[in-house]
Every structure is written in structure tokens, then in C-alpha cells.
């Protein structure tokens with residue numbers, strides 16, 4: 046373990062650092078709120094921001110570790126003494142993800158539940174052996190990758206067991222193999238994206254997966270949550286990139302995929318993709334890679350309104366034209382985006398398209414996409430308005446922390462629907478959020494963009510800002526519930542790329558049906574008969 | 046029922062006709078063997094063809110129907126009297142698929158096992174009710190679409206139950222809904238492809254799924270077997286087209302999919318896709334559609350050898366260039382193809398690329414693909430050599446019947462592998478087939494083409510011709526076993542698009558692992574607890 050002082054978390058030598066325990070990312074990058082922006086927010090939200098700083102770390106209350114010494118010894122027999130940590134600093138950094146409820150709890154000094162210990166296995170075989178011990182001893186296991194979940198996927202619920210451990214996969218950080226002819230690579234599940242890109246860059250390749258959590262999220266986490274990145278139009282969703290998976294389960298190894306396609310029964314990759322650590326611990330991911338682009342070109346476009354902009358992106362998605370990235374902001378987000386970027390707000394709404402490839406490919410594709418957008422009523426604004434977004438595209442979570450310290454909740458939620466359902470769904474969710482948050486404690490700004498487009502539909506990504514009010518957690522939960530109900534009622538999926546965790550679990554039975562839930566429980570029974578893997582997440586409780 | 050004479054099968058009024066009971070398709074289209082070709086084959090195969098006509102239909106031995114009259118009455122209560130058939134002609138046409146073993150058995154007069162009855166449900170709800178009755182009464186159920194399986198997927202195994210019924214879905218032949226904005230359609234599972242195309246053509250759309258079984262195979266069958274069509278490079282595999290599925294199971298309805306993408310847990314569409322009737326009966330399939338192409342352009346290319354041709358297709362698949370179809374024939378198939386097309390054989394091997402779209406799209410894509418192929422050592426031959434293939438691309442099964450009547454086995458098998466494994470796998474399977482068939486009864490012609498390409502690998506489609514010999518069934522089974530062992534040993538999947546059925550089931554435990562098989566059994570337990578659905582197919586028997 047590398048630790049300079051006794052209060053630092055005991056992370057394994059040479060591995061990536063933990064994120065801030067009360068917010069996103071590197072604490073050194075935290076920003077303060079510009080007083081002018083603060084006043085503007087107060088006006089727009091009809092609420093006086095108040096200081097809401099996090100409690101000092103030493104005041105955080107952690108429950109006493111409960112791991113039986115005999116069980117602890119069995120676990121360190123697998124990992125070695127150095128790779129089990131049960132100090133408070135390490136446990137604190139593994140007691141949840143980065144949703145607004147997570148942060149509100151942590152900042153107020155609550156770290157309960159916390160894992161009783163954090164395990165740092167070296168490889169697949171150690172994970173297998175740890176699961177064997179935990180299954181035999183009745184210890185719940187929460188697989189932990191980059192720690193970026195915003196849906197409660199990392200909350201260390203014990204699920205009726207006497208103790209719970211976080212299984213931190215950061216030591217599984219190797220490029221296991223690379224096949225230049227087939228353009229595939231096998232990566233350890235714990236590899237964070239910047240490291241994955243650096244490893245692949247040595248071969249002139251890229252994965253092209255760029256979600257907002259890019260800097261911290263891991264390859265295994267992407268697979269476990271069916272992640273989707275900002276360049277999904279060109280590179281596909283993460284599940285489209287996965288050619289093979291290897292997972293450790295309490296009943297042994299489950300490997301799936303390999304050949305480029307197969308008709309040999311149901312595709313079991315898709316059982317592990319999206320399984321959120323409830324069916325197994327993904328330890329290795331085989332991915333398709335692409336050559337690194339010679340050129341990246343962004344372009345902003347303007348449309349008279351969101352409906353027209355969305356229809357234009359539909360025309361692109363259903364044509365032969367292929368952007369690498371395609372987004373359209375609603376009127377509200379267009380206005381706020383211009384303000385944050387220090388630009389004058391243009392009327393209507395803005396769309397952004399991006400292109401990656403060789404010089405010739407970028408030219409050809411930008412021309413093809415441009416022709417469709419222009420025909421659909423768009424006006425080309427050029428690259429300038431996109432520059433601020435591209436520079437800051439991974440930093441919104443830092444801004445959220447800053448706002449939170451100033452008493453402002455800024456949270457996101459997302460869905461996807463067919464093109465036919467999209468605009469009505471956008472209105473329904475916007476209205477639900479606005480209504481749920483409007484009252485004595487001020488109002489809300491609700492903004493939205495389409496961030497991922499498909500031939501048959503698109504995603505909607507909402508951002509909400511509102512005063513924290515007197516009971517911030519309850520306030521946000523009320524808004525989230527209202528939005529979720531609107532989503533389900535208007536043909537949306539409960540989550541397009543944030544996954545299920547604890548927060549979307551109440552809507553899963555409706556999403557996949559009672560029989561679908563039975564199937565997931567049956568699969569879990571085959572792989573994790575005792576139910577130690579990430580209890581209380583994803584899979585709905587059995588029908589009464 | 047529409048039947049003109051008492052010996053005709055009793056198919057429901059207005060539905061598509063059955064195929065020939067002993068061969069492919071429409072008996073009126075059977076062809077006779079040109080004497081010149083017959084002599085050539087004799088010479089190449091070192092064997093004297095012999096006449097092997099099918100027995101007359103009245104000599105076929107069917108087991109007596111075993112359905113309990115009380116159970117029969119419960120079933121007709123659901124379907125109506127007119128939609129249960131247990132006459133010999135109907136049962137004979139539902140006692141298997143169209144593999145060479147199927148045909149050899151049938152032609153020799155064996156129709157055992159045969160279904161005890163054939164059910165023609167009207168809709169999803171009738172399927173649900175029939176499964177309820179069959180589950181309660183212990184009757185095995187074999188879902189039956191177009192009847193085109195070549196892997197034993199339709200063999201009416203009773204699985205330890207006292208009787209078995211074929212569930213013929215031809216009445217589920219409607220376009221249930223069409224969404225022009227989202228470019229999606231919901232089709233009944235029993236719709237055959239030409240009808241699906243006709244229904245979609247009314248909206249100017251196409252599915253673009255063109256497997257060799259096109260004329261008879263159904264939409265539900267494609268989903269149940271993870272089919273892939275000849276234009277998969279452009280339109281995708283069938284599983285890529287499926288946006289939603291509805292299935293009836295003994296435990297109720299399982300519906301999956303809908304929104305264009307989701308992160309709400311494992312994608313349960315992929316549990317039904319490839320389930321081959323073992324987990325549920327797919328009754329409706331939501332598909333993505335495309336606009337009908339203005340233009341279709343085919344081009345042949347010549348390469349010095351198979352390795353160079355395959356590498357050229359790899360370069361295309363890993364580039365921005367996008368053919369709708371991409372195939373490359375090995376030297377042997379290039380030679381035979383030229384002979385069958387009445388053209389002089391060119392040295393080396395031939396590739397075929399096809400393009401569909403608007404005039405401008407076809408031009409642009411043909412230019413882009415052509416540039417890659419030329420750079421990879423190809424010589425453009427133009428459209429002419431492709432014309433014979435396109436005209437005859439659905440008729441190879443008729444030729445197989447003709448050859449079978451002349452004592453020649455002509456069967457196919459297929460696999461897929463990474464680009465790195467592809468050429469060694471091609472050699473290994475070719476050698477295995479050649480060695481298994483060479484002996485006192487003559488030799489074999491083994492040919493192969495790449496029919497589907499992906500960024501990370503490709504499929505291999507082998508065709509084998511050999512004299513039937515004294516024990517044709519055993520002779521073919523020996524060759525098939527040798528090929529399957531070579532596939533598994535050299536990184537191939539046991540099936541790229543023919544599915545598993547009975548014939549590939551012995552290799553499934555190796556393909557998906559013992560734990561993968563456990564998961565499938567667990568899913569089946571949740572959906573079909575009594576195990577009535579297509580017993581003996583796909584899912585390996587439990588570990589001893």
C-alpha cells in the first residue's frame with residue numbers, strides 16, 4: 046500500500062488514486078462559484094443560495110467494521126495482507142457512487158452503509174477465490190470499478206448478510222492482449238479510460254468511448270452498466286464494442302463471445318452486459334478497436350426549435366450520412382450553454398455534430414451530414430460554439446460539486462424513446478420536473494439535450510438545477526420520482542446509459558415485466574446461488 | 046382448411062403452402078440433372094452416381110398419432126376444430142427440417158418421429174393458451190415457422206412426454222403495426238420473407254434480410270435462430286434489426302425491447318434471439334426497416350488467392366467503405382461457380398460486392414470500396430459474373446435435391462472466426478472434410494466462401510459434394526463430426542447462422558461453457574418449468 050500519512054486511503058502501490066470522498070474527481074480541481082453566476086442563479090431559481098460545505102472528513106460517521114477475523118484471514122489468504130483495507134479513509138471512499146443523494150449523504154457526514162473491508166484482488170483467479178470464500182461465509186460483495194455510479198449501484202448493502210465488502214478492481218489494469226489483424230484488444234476490467242486509450246494509442250488505436258465519466262470510469266464498469274459515450278453515433282454504445290467477456294462468479298468462470306458473430310443460442314454476452322455486478326464480476330473485456338482519427342471536427346448548427354432540431358437529427362440517423370457525434374439541445378439548455386460559455390444566446394436551439402476519421406472521411410461525412418441538416422432547416426454556426434463544450438465536457442461533475450456547496454442541486458437523469466415518442470416524452474418529463482420542484486423553496490431550471498441518436502429513436506438527457514431547500518434529499522427524490530413516472534408513462538426506458546442500481550430498481554418490473562424479472566432471478570440463481578453479489582441492485586424483489 | 050383431395054395436407058385457408066415433404070420448396074420447381082454435369086461429377090468425385098429417388102408418399106411410414114382424445118379436445122377448444130390437423134399428409138410435412146439427414150430419412154420412407162398433431166393458432170393469446178394446456182398435460186411443443194431448419198431444429202422429439210405437437214405459426218402473418226417516423230414495423234412471427242417485403246413495400250420500405258431460405262423462412266424463425274442474410278454487411282444480421290420481441294411461454298408473456306437503446310439491465314431481447322423455441326414461442330417481432338433502394342449494383346472482383354481476397358475484405362470491413370454485400374469465394378468455389386454459370390474459370394479466386402441505396406449512395410460507396418479492393422490487390426471484373434449468382438441465389442436447395450436423387454450428397458456447413466483465425470480455420474475444415482470423405486466410395490469436392498464480414502472477423506460457408514455411398518447418412522455424419530471438431534479446435538463458432546438444433550447441440554457445452562449451459566437451463570426453468578418447449582434442442586443436457 047502507498048500511503049504517506051495514516052489518514053490517507055490505503056490504495057495499492059502504482060494504482061490510480063481515489064476520487065474525492067464527498068464529490069467528483071480530484072479534490073485539487075474543485076472550483077469556486079463566481080459571485081455573478083451565484084446572483085444570476087438566485088434570480089432564476091427564485092431562491093437565495095446558502096453555504097452547504099461538506100463536513101470535515103474526521104467528522105464523518107462510519108459504522109464499525111463487522112468482518113469476522115476468521116473470515117478476514119481467509120480473504121487475506123487470497124489477496125495478501127497488503128490488499129485488504131479496512132481503515133476508515135479507504136472504506137469511506139468505497140461507500141457509494143456519485144449521485145446527488147450519495148453526495149448529500151456523504152457531505153452531511155453519513156457514511157452508512159460502508160463496506161466492512163475493501164479488497165484489491167490481483168487477477169481473475171483471485172476474484173474467483175474471493176467469491177468462493179464470500180459465498181461460503183455469507184459476505185455480500187459489491188464490485189467497484191471507477192466509483193462513478195450515479196444510480197446507487199455501489200451502495201454497500203449487506204442484503205441480509207452480516208457483512209459486506211467492496212471488491213475494488215483497480216489492480217486488473219493491464220492490456221491483456223492485442224490482435225492488430227482482427228482489431229481487438231482484451232483489457233482488464235479495472236482499466237480506467239485514459240489508461241485504456243494510452244495503452245491502445247501505442248498501437249495507433251482507440252476505443253472511442255467518451256462518456257462524461259471518462260476520466261474515472263473503468264472498462265469493466267462500462268460493460269456492467271451498458272454505458273454509452275458522447276461519440277456513440279460513430280463508435281457505438283459500449284455494448285457494441287464488446288466482442289468477449291470473462292466474469293468470475295461464485296460458481297466459477299463464465300466466458301462469453303469471441304467470434305465476430307454466432308448463431309449458437311442466446312448471446313450470453315448480453316447477460317453480463319448490464320448485469321451491474323449482480324450475476325458475476327467482469328474481470329476482462331474483449332473490445333473492438335479503431336484506428337486513431339487523423340482529424341476531429343466539430344460543428345454547431347442552429348434550429349428554430351427543439352422539435353425541428355430533433356427531426357433533423359432523425360433525418361441524419363435514418364440516412365447514409367454518419368456523424369461521429371450528434372447532439373441537439375433544447376431551448377433551455379441552448380440558452381444556459383451560451384451563458385456558461387460566455388457567448389450571446391442565439392434564439393431557437395443548437396445542435397452539435399462531430400466527425401472523426403481520416404482527413405478525407407471527415408470532409409466527406411461532414412458534407413453529407415451538412416446537406417441533411419441544411420435540408421431539415423438548420424443553419425451552420427461552425428466550430429466556435431462547440432469549443433467550450435469540448436474543453437469542458439468531462440468537468441460538469443466538478444461544477445455540480447461547486448453548486449452543491451452553494452446550496453444548489455444540479456442533477457441529471459436520462460431516458461430514450463422512439464422518434465415518435467421523443468418530443469412528447471421531452472415535454473412530459475420537463476413538465477413533471479418543473480411541477481415537482483416549484484413551490485415555496487423556489488423553482489427549477491430544467492434543460493435537456495439529445496445526446497445519442499439511433500435509426501429508430503434517441504436519448505434524452507435532462508439537467509435540473511434547483512435550490513437545495515430545507516430537505517435537499519427529499520426534494521430531489523420527489524423530482525426524480527415524478528420524472529421516472531413520466532418516463533414510464535410516455536414510452537421511455539427508465540435509463541438509457543446510467544444503469545439501474547438502487548435508484549431505478551423500483552421501475553424495473555415495469556420495464557422488463559414480471560416474467561423478465563423472474564428470468565434474471567433464475568440466471569442469478571445459477572451463478573450466485575447464495576445471492577452475495579451486489580444485493581439490492583438491479584433485479585426486482587420477487588413477486589409477493 | 047383448404048384441401049382439394051383427402052391426401053393433401055390440411056393447411057388453413059389463405060395461408061402459404063407447405064414445402065415438398067422430401068425436399069426443398071415447391072415440388073413443381075424440381076430440376077433434373079443435366080447428363081453432362083452428371084458425368085463431370087462422376088469424374089471429379091471418382092464415383093458413379095446412382096439413382097436415389099424418394100419413395101412414393103403413400104409408402105412413407107408414420108407412427109400412429111398418440112394424442113389423448115381428451116387433450117386433443119382441450120387443444121381444439123383453443124384453436125377451433127379446423128385448426129388442429131392430425132392427418133398423415135400434414136404430419137409428414139411437419140416432421141423435420143431440410144438438412145441432408147432430414148431429407149435422407151424422409152426420402153427413404155421414414156417419418157419417425159412425427160408430430161402427433163399440428164396446431165395452427167390464430168394469435169398470441171391462442172399460443173399462450175395452447176402452451177398452458179400442453180404444459181398442464183405434458184405435451185411437447187415444437188414451434189414451426191417456415192420449416193427451413195438445416196440443423197434438426199424441427200425434429201419433433203417428445204422429450205420424455207407421451208406426445209408432441211408442431212405449433213405452426215403461419216396464421217400469425219400480419220403486419221401488426223408500422224411507424225413511419227421511427228422506421229419500425231411489428232410483424233407476426235409467421236410472416237414469410239416475400240410477404241414481409243410485400244407488406245413493407247407498401248410503405249416504400251424493406252427489411253433487407255436475404256438468406257438463402259428467403260422464400261420460405263419466417264420472421265419469427267429468423268429471430269429464434271439469429272439468422273444472417275446475404276446483405277448483412279449493409280443491413281446487419283437479423284438480431285441487429287430486431288427492436289422488440291413478444292413471446293408466449295408456459296408462464297405467460299415475455300416482451301423485450303422497444304426503445305432504441307437502454308441500460309436497464311441485461312438486454313432480454315438477446316435471451317429470446319437464438320432461443321430456438323426452447324424458452325418461448327416468439328409471436329411478434331418489432332424490426333427496424335429501411336427505405337427501399339433505388340438501385341442495386343453488384344460487382345465481381347478477382348484476387349490471386351483466397352488469402353489475398355479475404356485480406357481485401359478485411360480491409361473493407363475495417364475501413365469507412367461500406368458495401369451492402371461482401372463475399373469472397375475460395376479457389377475451389379470460384380472454379381465450380383464459373384462452371385455452373387457456364388463461364389470460363391478465371392485463375393485465383395473471386396469476390397463479390399454489392400451496393401444498395403440511392404443512385405448517389407451506390408456510386409459513392411462503390412467507389413470507396415473499389416479503392417480499398419484495388420489497393421489490396423484486386424482486379425475489377427464488373428457485374429457480369431454476379432448475374433448468375435443473383436438470379437439463382439435462392440435456388441441452391443433445389444439443386445441439392447436434384448443431386449440427391451442422383452446419389453450425390455451436397456451439403457453446407459458454416460462457422461465464423463476472427464480475421465486472425467480465418468485462413469487457418471478455412472484450411473483445417475477443408476482438410477477435415479476432405480479426409481473424412483476420401484476412400485473407397487470416392488472423394489469429395491469441398492468449397493468455401495466468406496459470406497458475412499465484420500470489423501473483427503468473418504464467416505466461412507462450406508459446401509461439400511460427395512457420392513452418397515452405401516450408407517449416406519453415416520457418411521455425412523462422419524464428415525460433419527470431423528468438420529465440427531476442426532471448427533472447435535481452431536477458434537470458430539459451431540454455427541454462424543444455421544443455429545444449433547439437435548445437430549450442433551453436442552458442441553454447445555464447449556461453445557458456451559458448462560456454466561453458460563447452466564444459465565440457459567435456469568432461464569428455461571423460469572419460463573418453461575415442465576420443459577415442454579422444443580425438448581432435445583439447443584440447450585445441452587445437464588452435467589452428469
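Chains as they are written, first to last, in the numbering used here: chain C, 46 to 589; chain B, 46 to 589.
All C-beta atoms, glycine included, are put in the ideal place defined by N, C-alpha and C.
Owing to the predicted nature of the structure, the values given are computational and were not obtained by experimental measurement.
Assignment of residue 506 of chain B by DSSP, reduced to helix, strand and coil, places it in the strand class. None of the residues of the stretch 186-202 of chain C has a beta carbon lying less than 7 Å from any beta carbon of chain B. Three or more beta-carbon pairs separated by less than 8 Å are not found between the stretch 193-201 of chain C and the stretch 215-229 of chain C, which leaves the two stretches without contact. For residue 395 of chain B, the uninterrupted beta strand (DSSP E) segment begins and ends at 394-402. In this structure, DSSP gives residue 131 of chain C a state outside helix and strand, which the three-state scheme calls coil. For residue 292 of chain C, the secondary structure class from DSSP, reduced to helix, strand or coil, is strand. The three-state reading of DSSP puts residue 66 of chain B in coil, since its state is none of H, G, I, E or B. Counting the other CB atoms within 10 Å of its CB gives residue 88 of chain B a total below 16, which places it among the exposed residues. Listed in chain order, the non-local C-beta contacts of residue 456 of chain C below 7 Å within the same chain comprise 145, 509 and 521, local neighbours out to five positions each way being set aside.
In the three-state reduction of the DSSP assignment, residue 193 of chain C falls in the coil class, being assigned neither a helical nor a strand state.
Contiguous beta strand (DSSP E) elements confined to the stretch 245-310 of chain B occur at 287-294 and 297-302, taking only those with 3 or more residues. Apart from sequence neighbours up to five positions away, the residues of its chain that approach residue 358 of chain C with a beta-carbon distance below 7 Å are 371, 373, 396, 495, 498 and 503, ordered along the chain. A direct Cα-Cα distance of roughly 49 Å separates residue 485 of chain C from residue 129 of chain C.
Around the beta carbon of residue 382 of chain C, a 10 Å sphere encloses 16 or more other beta carbons of the protein chains shown; the residue is thus reported as buried. Here residue 553 of chain C carries a helix assignment [DSSP, helix/strand/coil]. The residue from C:356, C:320 and C:418 with its alpha-carbon nearest to that of residue 344 of chain C is C:418. The continuous alpha helix (DSSP H) containing residue 473 of chain C extends over residues 464-482. For residue 454 of chain C, the beta-bridge partners assigned by DSSP are C:511. The DSSP-derived three-state label of residue 222 of chain C is strand. Contact check for residue 314 of chain C and residue 341 of chain C: beta-carbon distance about 30 Å, past the 8 Å limit, so the pair fails to qualify. Contacts with chain C at 8 Å (Cβ-Cβ) include residue 463 of chain B. Judged by beta-carbon spacing, residue 190 of chain B lies beyond the 8 Å limit of residue 241 of chain B, meaning their Cβ atoms are not closer than that value.
By the criterion of at least three beta-carbon pairs nearer than 8 Å, the stretch 528-536 of chain C is not in contact with the stretch 247-257 of chain C. Residue contact check for residue 256 of chain B against chain C: no CB pair falls below 8 Å. Under DSSP, residue 346 of chain C shares a beta bridge with C:396 and C:425. Residues are counted here when their Cβ sits less than 8 Å from a Cβ of chain C; for the stretch 279-310 of chain B these are 282, 284, 288, 294, 296, 297, 298, 299, 300, 301, 303, 304, 305, 306, 307, 308, 309 and 310, given in chain order.
According to the DSSP assignment, residue 528 of chain C belongs to the alpha helix (DSSP H) that extends over 517-534.
In the pairwise beta carbon analysis, the stretch 97-115 of chain B is classified as not touching the stretch 567-574 of chain C: fewer than three pairs are separated by under 8 Å. For the stretch 371-397 of chain B, the set of residues with a beta-carbon nearer than 7 Å to any beta-carbon of chain C is empty.
Straight through space, the alpha carbons of residue 76 of chain C and residue 441 of chain C are spaced by roughly 11 Å. By the Cβ-count criterion, residue 122 of chain C is exposed, with fewer than 16 other Cβ atoms from all chains shown falling within 10 Å of its own Cβ. Using a CB distance below 8 Å, the part of the stretch 229-245 of chain C facing chain B consists of 229, ordered along the chain. For residue 493 of chain B, the enclosing beta strand (DSSP E) starts and ends at 489-495. The Cβ of residue 545 of chain B sits closer than 8 Å to at least one Cβ of chain C. In this structure residue 175 of chain B touches residue 120 of chain B by the C-beta definition: roughly 6 Å separates them, less than 8 Å.
If you draw a straight line from the Cα of residue 303 of chain B to the Cα of residue 289 of chain C, it comes to about 25 Å.
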